[in-house]
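Data block below; observations after.
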Amino acid sequence: MTSAYDILFEPVQIGPVTTKNRFYQVPHCNGMGYRDPSAQASMRKIKAEGGWSVVCTEQVEIHATSDIAPFIELRIWDDQDLPALKRIADAIHEGGGLAGIELAHNGMNAPNQLSRETPLGPQHLPVAPDTIAPVQARAMTKQDIDDLRRWHRNAVRRSLEAGYDVVYVYGAHGYGAPHHFLSRRYNNRTDEYGGSLENRMRLLKELLEDTIEEVAGRAAVACRITVEEEIDGGITREDIEGVLRELGELPDLWDFAMGSWEGDSVTSRFAPEGRQEEFVAGLKKLTTKPVVGVGRFTSPDAMVRQVKAGILDLIGAARPSIADPFLPNKIRDGRLNLIRECIGCNICVSGDLTMSPIRCTQNPSMGEEWRRGWHPERIRAKESDSRILVVGAGPSGLEAARALGVRGYDVVLAEAGRDLGGRVSAESRLPGLSAWGRVKEYREAVLAELPNVEIYRESPMTAADIVEFGFEHVITATGATWRTDGVARFHTTALPIAEGAQVLGPDDLFAGRLPEGRKVVVYDDDHYYLGGVVAELLAQQGYEVSIVTPAPQVSSWTNNTFEINRIQRRIIENGITRVLDHAVVAVGAGGVTVRETYTGLERDLDCDAVVMVTARLPREELYLDLVARRDAGEIASVRGIGDAWAPGTIAAAVWSGRRAAEEFDAVLPSNDEVPFRREVTQLA
Ligand code: FMN
Numbered sequence: 001m002t003s004a005y006d007i008l009f010e011p012v013q014i015g016p017v018t019t020k021n022r023f024y025q026v027p028h029c030n031g032m033g034y035r036d037p038s039a040q041a042s043m044r045k046i047k048a049e050g051g052w053s054v055v056c057t058e059q060v061e062i063h064a065t066s067d068i069a070p071f072i073e074l075r076i077w078d079d080q081d082l083p084a085l086k087r088i089a090d091a092i093h094e095g096g097g098l099a100g101i102e103l104a105h106n107g108m109n110a111p112n113q114l115s116r117e118t119p120l121g122p123q124h125l126p127v128a129p130d131t132i133a134p135v136q137a138r139a140m141t142k143q144d145i146d147d148l149r150r151w152h153r154n155a156v157r158r159s160l161e162a163g164y165d166v167v168y169v170y171g172a173h174g175y176g177a178p179h180h181f182l183s184r185r186y187n188n189r190t191d192e193y194g195g196s197l198e199n200r201m202r203l204l205k206e207l208l209e210d211t212i213e214e215v216a217g218r219a220a221v222a223c224r225i226t227v228e229e230e231i232d233g234g235i236t237r238e239d240i241e242g243v244l245r246e247l248g249e250l251p252d253l254w255d256f257a258m259g260s261w262e263g264d265s266v267t268s269r270f271a272p273e274g275r276q277e278e279f280v281a282g283l284k285k286l287t288t289k290p291v292v293g294v295g296r297f298t299s300p301d302a303m304v305r306q307v308k309a310g311i312l313d314l315i316g317a318a319r320p321s322i323a324d325p326f327l328p329n330k331i332r333d334g335r336l337n338l339i340r341e342c343i344g345c346n347i348c349v350s351g352d353l354t355m356s357p358i359r360c361t362q363n364p365s366m367g368e369e370w371r372r373g374w375h376p377e378r379i380r381a382k383e384s385d386s387r388i389l390v391v392g393a394g395p396s397g398l399e400a401a402r403a404l405g406v407r408g409y410d411v412v413l414a415e416a417g418r419d420l421g422g423r424v425s426a427e428s429r430l431p432g433l434s435a436w437g438r439v440k441e442y443r444e445a446v447l448a449e450l451p452n453v454e455i456y457r458e459s460p461m462t463a464a465d466i467v468e469f470g471f472e473h474v475i476t477a478t479g480a481t482w483r484t485d486g487v488a489r490f491h492t493t494a495l496p497i498a499e500g501a502q503v504l505g506p507d508d509l510f511a512g513r514l515p516e517g518r519k520v521v522v523y524d525d526d527h528y529y530l531g532g533v534v535a536e537l538l539a540q541q542g543y544e545v546s547i548v549t550p551a552p553q554v555s556s557w558t559n560n561t562f563e564i565n566r567i568q569r570r571i572i573e574n575g576i577t578r579v580l581d582h583a584v585v586a587v588g589a590g591g592v593t594v595r596e597t598y599t600g601l602e603r604d605l606d607c608d609a610v611v612m613v614t615a616r617l618p619r620e621e622l623y624l625d626l627v628a629r630r631d632a633g634e635i636a637s638v639r640g641i642g643d644a645w646a647p648g649t650i651a652a653a654v655w656s657g658r659r660a661a662e663e664f665d666a667v668l669p670s671n672d673e674v675p676f677r678r679e680v681t682q683l684a
């Protein structure tokens with residue numbers, strides 16, 4: 001039977017290898033790298049199983065002068081790294097994919113904090129762009145360039161030994177050394193590696209030629225290159241067109257990326273699917289070699305259009321493959337409603353940036369494939385005929401009901417309100433967050449296919465009801481309430497709030513209640529996205545808004561999701577006043593007192609209302625009641641999950657729902673034991 005998506009399942013020749021379809025998992029790091037190679041191998045294998053024809057590693061540091069510690073990437077420094085790399089390549093092959101390896105010399109972006117080697121760059125400059133470590137790169141001599149080429153060649157040879165099918169030369173994102181040489185911003189050399197475009201692309205050309213020679217037809221050679229640096233003096237469209245005219249036929253595949261990782265992995269709040277199209281369109285015609293590009297692609301129609309319009313040959317994806325490792329197979333099998341669409345929140349990026357294993361809001365098994373044995377599509381069958389009540393249909397309750405339902409249990413999901421989704425539904429109505437709704441949509445789609453899961457809306461439950469209805473096993477997913485007393489990080493006890501003061505919290509805004517008056521202070525001591533979003537919402541409603549935060553920037557933690565700069569810009573463009581490094585210390589009827597965190601100096605700000613974005617309190621009354629009833633023998637088990645257990649990210653809530661489903665009926669080890677598998681460093 002033919003389908004509109006058949007074109008996505010055509011093979012593509014990449015030099016000596018042929019893909020089984022056009023789905024290509026571009027390189028992406030995962031916070032596991034050299035520390036957790038078996039965990040990474042399982043994660044990559046599952047993507048291959050799910051239909052990604054090529055599955056790549058993250059950037060793999062080729063030498064100790066390319067060390068981006070504290071970040072945890074793979075390494076191919078010497079033969080000692082080969083067993084880990086081989087394990088990953090073998091796993092991808094077992095899953096049915098081609099294995100790609102992204103060899104990276106980070107050049108002047110590598111602060112070498114672990115190796116303490118001198119960073120290498122085209123000229124004497126502080127290490128950049130991703131670090132402000134107090135260290136400078138040295139201008140590379142010809143000998144340094146020869147050394148780098150030899151290290152790259154060694155890494156290519158080792159990649160073949162480890163069994164990779166696609167070997168990369170990496171010059172994108174402001175990371176790979178060839179990017180620094182290509183960019184006028186970093187390269188002011190006057191020798192044959194600087195000045196003209198021909199000179200600036202010389203290092204890239206040499207690395208490509210070396211790689212092609214070393215590979216000798218035994219693997220495909222791919223080149224990941226910056227198509228637009230989006231910064232003054234950086235790599236431009238003209239540069240990349242020149243590169244393709246000159247080097248277009250050298251590698252077997254071109255992989256187009258932006259000039260910064262931040263500019264490539266933009267969140268859904270700040271860029272739509274396919275943002276890169278304007279920078280990539282037209283480049284393919286400058287080479288006869290296949291091209292791959294990215295764009296947070298989750299819509300098969302958008303993918304087909306890219307191919308038919310001659311923009312891309314292969315649909316590259318990092319985040320969509322993280323959210324749904326089985327995305328290609330679901331498109332192939334016509335199960336589009338079951339695609340777990342990436343919501344574009346970049347919590348995956350936060351894994352790498354906090355040096356912790358990758359996580360995903362939509363796919364709670366991401367990073368848990370090996371250490372906990374979770375799979376995105378499969379879960380072990382039920383082990384009893386128990387019937388389980390899940391109270392609350394927010395992200396954790398929906399996921400618990402879904403996963404228990406897939407296991408085959410009879411599940412009742414009871415929601416107090418009319419709509420499912422809890423906080424994701426509420427937050428998806430805020431500016432820029434509509435994609436949050438996908439968390440609910442995917443789970444609703446699965447639940448609709450599970451006759452063993454019944455959903456009751458407008459069904460608030462008390463412990464007495466639960467006992468009366470005869471439920472034996474209960475999971476409470478009743479969410480959390482935003483506090484309005486100022487308690488969070490700066491204050492751990494309630495603020496003085498004068499009588500007559502108007503204080504609201506996010507829950508009021510979710511319920512459609514807006515402040516009275518014109519001037520509003522948003523007090524953000526939460527530091528993730530919500531404070532900034534609330535300020536933006538109020539500004540859009542015509543309020544004069546100030547955002548006060550004890551942190552040095554609005555929504556400070558979003559430096560881990562690459563949003564922090566865009567958030568500051570949006571706040572400023574919305575005319576919102578930023579009062580940084582200040583805490584609200586008292587709320588009066590017509591204003592607040594704020595204190596500078598460094599000096600303790602206090603001043604007053606006039607306002608008609610304050611919106612507190614601070615801490616939350618779990619709604620745990622039902623859980624505590626049920627614990628008492630369990631102890632009295634009235635029910636068999638109760639478990640609290642998600643924000644109702646401990647408020648956190650949506651990703652954490654979904655994960656905790658999955659965990660509850662995984663652990664139901666399981667004999668759990670004592671909590672004195674490490675609750676997952678891990679690899680421990682072998683002593684030399
Ligand atoms: N690109 C690289 O070239 N090397 C990397 O190691 C790398 N690590 C990434 C890690 C994460 C968690 C993510 C989300 C992206 C990473 N990227 C890396 C960028 C992606 O390859 C991709 O270009 C970008 O995310 C846009 O594609 P997407 O919209 O499909 O996510």
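Numbering of the sequence shown is given in the UniProt record's numbering, commencing with residue 1 and proceeding in unit increments. Quick reminder that beta carbons are idealized off the backbone N, C-alpha and C, glycines included.
May I ask whether a heavy atom of the ligand FMN can be found less than 8 Å away from the beta carbon of residue i?
i, result
"Pro364", "no"
"Trp261", "yes"
"Gln59", "yes"
"Tyr164", "no"
"Pro320", "yes"
"Cys345", "no"
"Val294", "yes"
"Phe664", "no"
"Ala104", "yes"
"Ser555", "no"
"Gly351", "yes"
Is residue i buried or exposed, if buried means 16 or more other CB atoms sit within 10 Å of its CB?
i, result
"Ala628", "exposed"
"Asp385", "exposed"
"Gly633", "exposed"
"Tyr442", "buried"
"Val680", "exposed"
"Ser546", "buried"
"Pro134", "exposed"
Which residue's Cα is closest to the Cα of residue i: the options?
i, options, result
"Asp239", "Ile225, Asp232 and Leu197", "Leu197"
"Ser656", "Asp165, Val227, Lys47 and Trp374", "Trp374"
"Arg157", "Tyr170, Glu192 and Ala216", "Ala216"
"Asp210", "Asp147, Ala257, Val54 and Gly532", "Asp147"
"Val610", "Leu626, Arg619, Thr597 and Gly591", "Gly591"
"Arg378", "Leu8, Phe490 and Asn363", "Asn363"
"Glu49", "Thr549, Gln13, Glu61 and Ala99", "Ala99"
"Glu246", "Val453, Arg218 and Arg202", "Arg202"
"Val533", "Ala84, Glu621 and Phe270", "Phe270"
"Thr484", "Ala494, Phe490 and Ile475", "Ala494"
"Ser459", "Tyr409, Gly422 and Val391", "Val391"
"Leu338", "Asp352, Val349, Cys348 and Ala323", "Ala323"
"Pro451", "Pro496, Lys440, Gly422 and Ala401", "Ala401"
Does the distance from the CB of residue i to the CB of residue j come in under 9 Å?
i, j, result
"Glu415", "Phe510", "no"
"Thr481", "Arg569", "no"
"Arg677", "Arg380", "no"
"Gly263", "Val292", "no"
"His179", "Gly259", "yes"
"Cys56", "Ile101", "yes"
"Gly176", "Asn106", "yes"
"Leu398", "Glu444", "yes"
"Thr649", "Thr361", "yes"
"Tyr193", "Pro122", "yes"
"Gly437", "Val446", "no"
"Val189", "Glu229", "At residue 189 the sequence reads Arg, which differs from the Val that was named. Result no, Cβ atoms of Arg189 and Glu229 do not sit closer than 9 Å."
"Val412", "Val638", "no"
"Ile231", "Val280", "no"
"Arg359", "Arg418", "no"
Since residue i sits in a beta bridge, which residues does DSSP pair it with?
i, result
"His582", "Glu596"
"Phe23", "Ile315"
"Ala137", "Leu125"
"Lys440", "The partner list for Lys440 (beta bridge, DSSP) is empty, contrary to what the question assumes."
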